[in-house]
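Participant:
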Amino acid sequence: MSDSAAGGSAQPPQGEPGGYAPSVAERFSAFQRAGGLVVPIMTTVLAFFIAGLVVLVTTGSNPLSTYRAIFEGTGLTWFFHPGSYSVHVPFTDSTVWFPFNTNGLESPPTASSRAAYALQQTLLLTTTLIFTGLAVAFAFRCGLFNIGGQGQYIAGSLAAVWVGSSFASMAQFPHVVLGIAAAALAGALLAGIAGFLKATVGAHEVVVTIMLNWIMFWTGQWLLGSDGPLNANIATSTSEDVADSGKIPTFWGLGILQGAHVGIFMGIAALVVYAIVLNRTTLGYEVRAVGHSPDAARYGGISVARSYFLAMAIAGAFAGIGGSMDVLGWEYRVAASTISLSTIGFLGIAVALLGRNTAIGTGLAALLFGALLTGTSQRNLDPEVFKPELASNLTLLIQGLVVLFVGADLLILYAWNARKKLKRGEAPPPAQPEPAS
Amino acid sequence: MSVLAVAARPVGRLTTPQAIGVLGIVLGLVSVWLTLPPIHARGLGWPAVFAILALAAAITSITRGGGRVGWGAAATAILGVSLGIAAQQSGIENLDLVFAWSVLLGATLRYATPLAFAAMGGLFSERSGVVNIGLEGMMLMGAFFGFYATDRFDNWVLGVLVAMLAGAALAVVHAFFCIHLRADQIVVGTGINFLALGITGYAFVDLYGEQGSPTDVPTVGSPSLDFVGRIPDVSIGPVEFGGTFLQAVFGDLNWMIWMSFVVLILTYVVLFRTSLGLRIRAVGEHPRAADTVGISVYGIRYGAVITSGALAALGGAYLSVGDVNLFDQNLTGGRGFIAIAAIIFGNWRPFGAYAACLLFGFSSALGDRLPAYFAQGSATPLLFNTLPYVLTLIAVAGVIGRSIPPASIGRPYAKQ
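In order, the protein sequence lines correspond to chains U and Y.
Heads up: the first sequence begins at 1 in our numbering, then just goes up one per residue.
Heads up: the second sequence begins at 1001 in our numbering, then just goes up one per residue.
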């Protein structure tokens, strides 16, 4: 690609007299350079635009006011309500001045406190999505498509609820760490099966992880079912509650009211770890090399099998931790119905794709989808503007469109080429015939 | 001479390693069945005889290169002995309750039908070289739009046709992204599944609102098969609700189940007995070669993917209009993925895939009746639902004969 680009600039452009037109290769390289930002933004805008059309056509309501209501439901409007407030300094009794209202439980609720309350939930979902997104992204960088984030997430949440509801006599810090570690291990073991089969017999990881998802799904239904080992309530098919010592501390709001827990900082730390491991360690180098070209990596002395196994296991650990974030952070129990309704592991695919498998991109995409989920939830969307049941399906629609469009980078090239052809048609007809490609 | 050759051909076919393997599987199944109703063989004598025969067939088959079928026979033989012993531990009343064959076989067909439609559809797509993870989404489209159209027109035939159109429409999107835009087929399929979940969920809430699914929607009719009752009975087990055994199994199947048999045979004939099928398979194995001899790779792939969407939608429509007679969000609940499992387990062959669908359907039917063995409301039978996935894992791991996909599956083709 660089060759042709260099060739294009060294020689005077031919074919079109009277003006310089960049070659396709140059356009492509520009697209690649800009693609880091342009493609995800265009994708998102396009997906929201189409979803807006759906709203307009089916309900006749104004898509902009719908989106505005959803945006208000996300709690991101919190930053639009500056004022003079105070905030408690951790580990002390003193308070300091703060420009935003942190009290999400004000009564009667004001706009700023309602936003604070909603923002806490956005943070909760963003945390989990960072982890399930990284689970897909890490495997992607090794050339593997980990479609099993959902199963690994379930494995993690089951391990977390087991550890969290046992060992109640432990101190909080080791108990929480143990819970998260157990979840990571459970996720890594499950994904490790896929990595192992890929490494040894070449079984396609997509097929294996899909099967593992459903095996985990039904195993969860059994574990939490009436006479399952994790069941504590036959009527509701729920597990034992997580002991107080096993709960991830809440730093904003109240834990029982789904306040934001410190997991968000672990999520940000995980993004940093992801970037460092991938870009600054031997393991990351090997993983990326295998992802780029397994044959070249093997020729270069890298054990492809080892990379496959490790990449899947690490990816599974991320998704497993995601499960522990939900269970130990705010759900505090797992129900059979939660398992069957949860799709947050699948959403990780959209997060990773939209974030182009980079740390920053994954973080931002997790925030986008976390906010979207919160904004369209029954609790936060104003039903007078738009039905929350409709809006939550709108989220699925947007999610599907995002995955489709990101999957087809070529779509943008298509538009590019079409525009080029259009321009040619408008310009005075060039003397030379179009080369048959 | 030629007459002799023709007559010899079937005999030759019966001694292939595959045929011996199938014989072994049948013998192994017989050894289990002997201990179950209505025979209730006690003691190890007869079941052991059949199991040993099955094992002998298995060894013959494997040593002659029978592959998966041979290993399957060996597995059935071993399973036969152990299940036979297990069945003898259990009370005869319980066995009679669980293994009411007439009910079990009927339920097996009912469970297998949606899987079979989707699996046959998936076969077209995958044989042409396009992975179709979006089967689940296409089923869901068929389930909703089939139900809605049936409700609207008060006619299930029109409903099923609309379902096929809806599935085909989503398949066009899949085909365009996979074939023209050359996007990653698995990513696109994943997106298709989300999209279908969003579209059907949105339309369901928008059109039916709070009332939910109406209950007065016509269901798929059944052919009147009174003559079945007059066929001399060939019962292999007790009948629960009166009538002959054949009546109990086949008398109550609706039109769509019969249609699934037709689709199975058509799929086999089209894929393996017509020049169109040869083209589809050529495009899936070596698109460049196919292109060179003048086959339109894009055209064939578009056709195959759209067919797969329409067939998968039939499976979805069977669920909503033909079986439960209602719609709910995410009604398909992962059946599209079981269909993919069936394709893989059946080694990308129509009858293999259909056999896998029957096996998975039988495990679901058995799971429904097994609670007789467990305490009231026990969750343990839920584990039966993992069987399709575990078997598929074993199949892709190559423990008993590796599944081999079409050579160019998942690879976009760029025209020269």
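All C-beta atoms in this analysis are idealised placements derived from N, C-alpha and C, irrespective of residue type, glycine included.
Could you check if Y/Gly1084 is buried or exposed, using at least 16 other CB atoms within 10 Å of its CB as the buried criterion?
Facilitator: So Y/Gly1084 counts as buried.
Participant: With three or more C-beta pairs closer than 8 Å as the rule, is the region 368-376 of chain U touching the region 117-131 of chain U?
Facilitator: Output reads yes: the region 368-376 of chain U touches the region 117-131 of chain U.
Participant: Have a look at U/Val262 and U/Arg333 and give me their C-alpha separation to the nearest angstrom.
Facilitator: Computed Cα separation, rounded: 18 Å.
Participant: Among residues of its own chain, excluding the 5 on either side of Y/Thr1307, which ones have a beta-carbon nearer than 7 Å to its beta-carbon?
Facilitator: Gly1121 and Phe1124.
Participant: Just to confirm before moving on: does the CB-CB distance between U/Met211 and Y/Leu1382 stay below 7 Å?
Facilitator: No, these two residues do not count as a Cβ contact at 7 Å.
Participant: Locate the beta strand (DSSP E) running through Y/Ala1100, then write down its first and last residues.
Facilitator: Unbroken run through Y/Ala1100: none, as it is neither H nor E.
Participant: Can you grab the Cα-Cα spacing for the pair Y/Leu1246 / Y/Phe1374, in whole Å?
Facilitator: When rounded, the distance between both Cα atoms is 30 Å.
Participant: Of all Cβ atoms in chain U, is any one closer than 7 Å to the Cβ of Y/Leu1053?
Facilitator: No, its Cβ sits nowhere closer than 7 Å to a Cβ of chain U.
Participant: Roughly how many angstroms separate the alpha carbons of Y/Asp1328 and U/Ser392, rounded to a whole number?
Facilitator: Roughly 15 Å between the two C-alpha positions.
Participant: Nearest chain Y C-beta to U/Phe236 closer than 7 Å, yes or no?
Facilitator: The sequence given here places Thr at residue 236 of chain U; Phe does not occur at that position. So no, U/Thr236 is outside the interface.
Participant: On the DSSP letters alone, give me the boundaries of the alpha helix (DSSP H) that U/Tyr85 sits inside.
Facilitator: Run containing U/Tyr85: none in the alpha helix (DSSP H); it sits in the beta strand (DSSP E), Tyr85 to His88.
Participant: By the three-class DSSP mapping on this structure, what secondary structure does U/His261 have?
Facilitator: Here U/His261 sits in strand by DSSP.
Participant: With 8 Å as the limit, tell me which residues of the region 373-391 of chain U have their beta carbon closer than that to any beta carbon of chain Y; keep them in chain order.
Facilitator: Of all residues in the region 373-391 of chain U, Lys387, Glu389 and Leu390 have a Cβ within less than 8 Å of some Cβ in chain Y.
Participant: To the nearest whole angstrom, what separates the beta carbons of U/Val287 and U/Ala311, a pair I think is in contact under 8 Å?
Facilitator: That belief holds up - the Cβ atoms of U/Val287 and U/Ala311 are roughly 5 Å apart, short of 8 Å.
Participant: With DSSP collapsed to three states, give me the class of U/Phe80.
Facilitator: Here U/Phe80 sits in helix by DSSP.
Participant: What does the alpha-carbon distance come out to for the pair Y/Leu1165 and Y/Gly1316?
Facilitator: The alpha-carbon atoms of Y/Leu1165 and Y/Gly1316 are separated by roughly 12 Å.
Participant: Compare the C-alpha of Y/Gly1091 against each of Y/Gly1410, Y/Leu1036 and Y/Ile1179 and name the closest.
Facilitator: The shortest C-alpha separation from Y/Gly1091 is found at Y/Leu1036.
Participant: Does any residue of chain U have a CB that is nearer than 7 Å to the CB of Y/Asp1291?
Facilitator: Not an interface residue.
Participant: Taking Cβ-Cβ distances shorter than 8 Å, what residues in chain U pair up with Y/Ser1364?
Facilitator: Simply none; closest approach about 12 Å.
Participant: Tell me which residue opens and which closes the alpha helix (DSSP H) that U/Val206 is part of.
Facilitator: Taken as a continuous stretch (DSSP letters only), the alpha helix (DSSP H) holding U/Val206 covers Glu205 to Leu224.
Participant: Identify each residue in the region 127-156 of chain U for which the Cβ-Cβ distance to at least one residue of chain Y is less than 9 Å, and report them in chain order.
Facilitator: Flagged, chain order: Phe145 and Ile147.
Participant: With 16 other CB atoms within 10 Å as the buried threshold, where does U/Ile256 fall?
Facilitator: By the neighbour-count rule (16 or more Cβ atoms within 10 Å), U/Ile256 is not buried but exposed.
Participant: Less than 7 Å separating the beta-carbons of U/Thr126 and U/Ala366?
Facilitator: Their beta carbons are under 7 Å apart, which means U/Thr126 touches U/Ala366 by this criterion.
Participant: Using three-state DSSP, classify U/Ser107 as helix, strand or coil.
Facilitator: Correct three-state label for U/Ser107: coil.
Participant: Using a threshold of 6 Å, is the CB atom of Y/Asp1252 nearer than that to any non-hydrogen atom of the ligand GTP?
Facilitator: Questions concerning the ligand GTP fall outside what the structure shown contains, since it holds no ligand whatsoever.
Participant: With C-beta atoms as the reference, is U/Gly316 less than 7 Å away from U/Gly187?
Facilitator: Yes.
Participant: Which residues, in order along the region 1194-1217 of chain Y, keep a beta-carbon less than 7 Å from a beta-carbon of chain U?
Facilitator: The region 1194-1217 of chain Y vs chain U, Cβ under 7 Å: Phe1194, Leu1195, Leu1197, Gly1198, Ile1199, Gly1201, Tyr1202, Val1205 and Asp1206.
Participant: Measure the beta-carbon distance from Y/Ala1051 to Y/Ala1077 and round it to whole angstroms, keeping in mind my assumption that it falls under 8 Å.
Facilitator: That pair is a contact at about 5 Å.
Participant: With 7 Å as the threshold, decide whether the Cβ of Y/Gly1189 is near any Cβ in chain U.
Facilitator: Not one chain U Cβ lies under 7 Å of Y/Gly1189.
Participant: Is the shortest distance between the beta-carbon of Y/Thr1332 and the beta-carbons of chain U less than 7 Å?
Facilitator: So, not an interface residue.
Participant: Given this structure, state the Cα-to-Cα distance separating U/Val277 from U/Arg141, to the nearest angstrom.
Facilitator: Cα to Cα, U/Val277 sits roughly 12 Å from U/Arg141.
Participant: Using beta-carbon positions only, say whether Y/Ser1260 and Y/Phe1145 come within less than 7 Å of one another.
Facilitator: Taking 7 Å as the Cβ cut-off, Y/Ser1260 and Y/Phe1145 do not qualify as a contacting pair.
Participant: Leaving aside the five residues before and after Y/Gly1277 along the sequence, list all residues of the same chain whose C-beta is less than 7 Å from its C-beta, in chain order.
Facilitator: These residues qualify, in order along the chain: Val1270 and Leu1271.
Participant: Where U/Ser226 and U/Ser337 are concerned, what is the direct C-alpha to C-alpha distance, given to the nearest angstrom?
Facilitator: If I take the Cα positions, the gap works out to 13 Å.
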